[in-house]
Each structure stands twice: as C-alpha cells, then as structure tokens.
Amino acid sequence: MTNKATTRIFVLGVLSVLLFACSGAQVNYPPPANPFLSGAPALDHTTLAQPTKAVLVWLEAQGTTAPPESAQRALAEKIKQKFPAGKPLEIVGVTTIPAPSGDPLPELRKASAPFQARHALVVMPNAAEMSSPVWLKYGQDGSGAGTRTDSYISIALVAVDLNTGTRLFSVMSNGEARLWKMDYEDARPFYPRIAPGAYSSAFIYPERSSFPPGEVRAVALEEAVKSLIYKLDQAIGG
Numbered sequence: 000m001t002n003k004a005t006t007r008i009f010v011l012g013v014l015s016v017l018l019f020a021c022s023g024a025q026v027n028y029p030p031p032a033n034p035f036l037s038g039a040p041a042l043d044h045t046t047l048a049q050p051t052k053a054v055l056v057w058l059e060a061q062g063t064t065a066p067p068e069s070a071q072r073a074l075a076e077k078i079k080q081k082f083p084a085g086k087p088l089e090i091v092g093v094t095t096i097p098a099p100s101g102d103p104l105p106e107l108r109k110a111s112a113p114f115q116a117r118h119a120l121v122v123m124p125n126a127a128e129m130s131s132p133v134w135l136k137y138g139q140d141g142s143g144a145g146t147r148t149d150s151y152i153s154i155a156l157v158a159v160d161l162n163t164g165t166r167l168f169s170v171m172s173n174g175e176a177r178l179w180k181m182d183y184e185d186a187r188p189f190y191p192r193i194a195p196g197a198y199s200s201a202f203i204y205p206e207r208s209s210f211p212p213g214e215v216r217a218v219a220l221e222e223a224v225k226s227l228i229y230k231l232d233q234a235i236g237g
C-alpha cells in the first residue's frame, strides 16, 4: 500500500452505515462446487503417502459473480509456488480448464497428461455476491449515497488418483472481501476501498478513482487461497 493510500485512510475517516438491517446477517458462503468432492474424505482423516507429486488442475468458476479469469490463473500459480520440489507435497505443474459439464474424470486425465503425474489436485472455487445500499460519510461534513458489495468465495480441493479415479482427500476454505463506493462518478475526496477478510481494517485503495471490474471478487478469492495454502501446509508439513 502506498503512502498516498495510507494517508487517505486517516484523512477521509470513512465509515459506512447500512440503510437496512443486513449488517448483522449471518455470512452464507456458497456451497462447494467441485465435481470430485463426493466421497472424498477430509485431509485430516487420511494418511498421505509421502513424498507425493501431483499436478494442480484448476476448474474455472464461471458466471456473473465469478472472479476474473486472470485472477484465477494467477492464484493457481501461487498455490504451485508454495509447494515446490523438496516438500512432502510437490506440485509439478498447473493448468486451468473450464469445469466439465459431463463426466469429469476423462477431462481431468486429459488435462493432467502432459505432466505425467499419478495424482491431481483438483481445485474449484464457487462465488456469491450481495450488494447493499449504504450512506457513506467522509471528512467532517461530506456524505452521500453509495453501495457496499460483499463477495464470498468457497474453494474445494480434492486429490484424485488419476489411474483409478479414487478420491484421496479434500480440503475446504473460504474467503471474503467488501467494496464500498459512491453511486456517482468522480466522488472525490471519497475514494472506493476494499476490505479483505471478514474483520480486516487494512483497506485497499485504487491507484485511480475506481477499481478494475471484478477486483473485489479477486481479493475474496485471494483470501480463500491463502486459507487453502495454510491448511495444506499445516496438514502435510513443510
């Protein structure tokens, strides 16, 4: 975060007040969407043969609430980078494909074939989004109508034996982010901001007067991926 962005946090003193009572509503993450999840035991209930090499196959989420494809591909690479050669779990390659509409196993084997791995880690996010009207206040006297957008992401990872199709283990994680913005263009001195995580006070500000489309979803996805990496690392070890 730049010094300019940090200064805005303190100078603007922005707070949001919901115009209807949804602030206390329980967060409902979307259900896992991984087609291999059925019958996959949780990782903490299994014994992983070590060392294990696997290819990471990311099934891209689609639809109006899905994170940008570029963010999905970048975060798939981030998972791979966290499990290099020498770790108990080594990710030997990564590929992203659309979620199969029919039998997913043949598509998984086809996508994994170039990497010559016996195991695949199949990752698929699912996304939900909710927008609420808010009254935004900033500085001493500024205020105006705005919108708060909440993005929720669930990720399901399933390890699959490519020879037999057996589901070896599964890991689930969640992430969320919130975007506050005015309902009209060029609302300076108010700048939109994104809060990553459920209770974060570390806001992200754009370099310009707006974020790229889908940025709040990309931030929520990154939070879910961070949690997924942590759970894998804790269960399997470094």
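Numbering (numbering that gives the first Met the number 0), first residue to last: 0 to 237. Each residue gets a CB set at the ideal place from its N, CA and C atoms; glycine is no exception. Treat the numbers as computed from the prediction; the structure is a model and nothing was measured.
Query	Result
Please state if the CB of residue 169 and the CB of residue 65 are separated by a distance shorter than 8 Å.	no
For the alpha helix (DSSP H) containing residue 107, name the first residue and the last one.	103-111
By how many angstroms is the C-alpha of residue 86 removed from the C-alpha of residue 189?	46 Å
Between the alpha carbons of residue 228 and residue 140, how many angstroms are there, rounded?	44 Å
Thinking residue 126 and residue 216 are a contact (beta carbons under 8 Å), I'd like their distance in whole angstroms, please.	6 Å
Quick one, are the C-beta atoms of residue 209 and residue 176 less than 8 Å apart?	no
Taking DSSP as the reference, what is the three-state secondary structure of residue 24?	Because residue 24 sits at a pLDDT of 48, beneath the cut-off of 50, its placement in the model cannot be relied upon, and the following sentence gives the value as read from the coordinates. Of the three classes helix, strand and coil, the one that applies to residue 24 here is coil, per DSSP.
Starting from residue 198, follow the alpha helix (DSSP H) in both directions and report where the run begins and ends.	Premise fails: residue 198 is in no alpha helix (DSSP H) and is neither H nor E.
Taking DSSP's pairing of strands, which residues face residue 52 in a bridge?	89
In the DSSP assignment, find the beta strand (DSSP E) that holds residue 160 and state where it starts and stops.	141-160
What is the C-beta distance between residue 218 and residue 74, in whole angstroms, given that I count them as a contact (C-beta under 8 Å)?	That belief does not hold up - the Cβ atoms of residue 218 and residue 74 are roughly 11 Å apart, past 8 Å.
Excluding sequence positions up to five away, which residues of its chain have a Cβ less than 7 Å from the Cβ of residue 230?	170 and 172
Strictly by DSSP, which residues pair up with residue 137?	141
Since residue 180 and residue 213 should fall inside the 8 Å C-beta cutoff, what is the C-beta to C-beta distance between them, to a whole number of angstroms?	Contact doesn't hold; Cβ gap of about 14 Å is too wide.
Could you check the C-alpha separation between residue 124 and residue 137 for me, to the nearest Å?	35 Å
Cα separation between residue 163 and residue 28?	32 Å
Work out the CA separation of residue 45 and residue 159 for me, nearest whole Å.	13 Å
Nearest-angstrom Cα distance between residue 174 and residue 204?	19 Å
Quick one: is residue 197 buried, meaning 16 or more other Cβ sit within 10 Å of its Cβ, or exposed?	exposed
Beta strand (DSSP E) containing residue 166: first to last residue?	166-181
Does residue 71 pass the burial test, meaning 16 or more other C-beta atoms within 10 Å, or should it be called exposed?	buried
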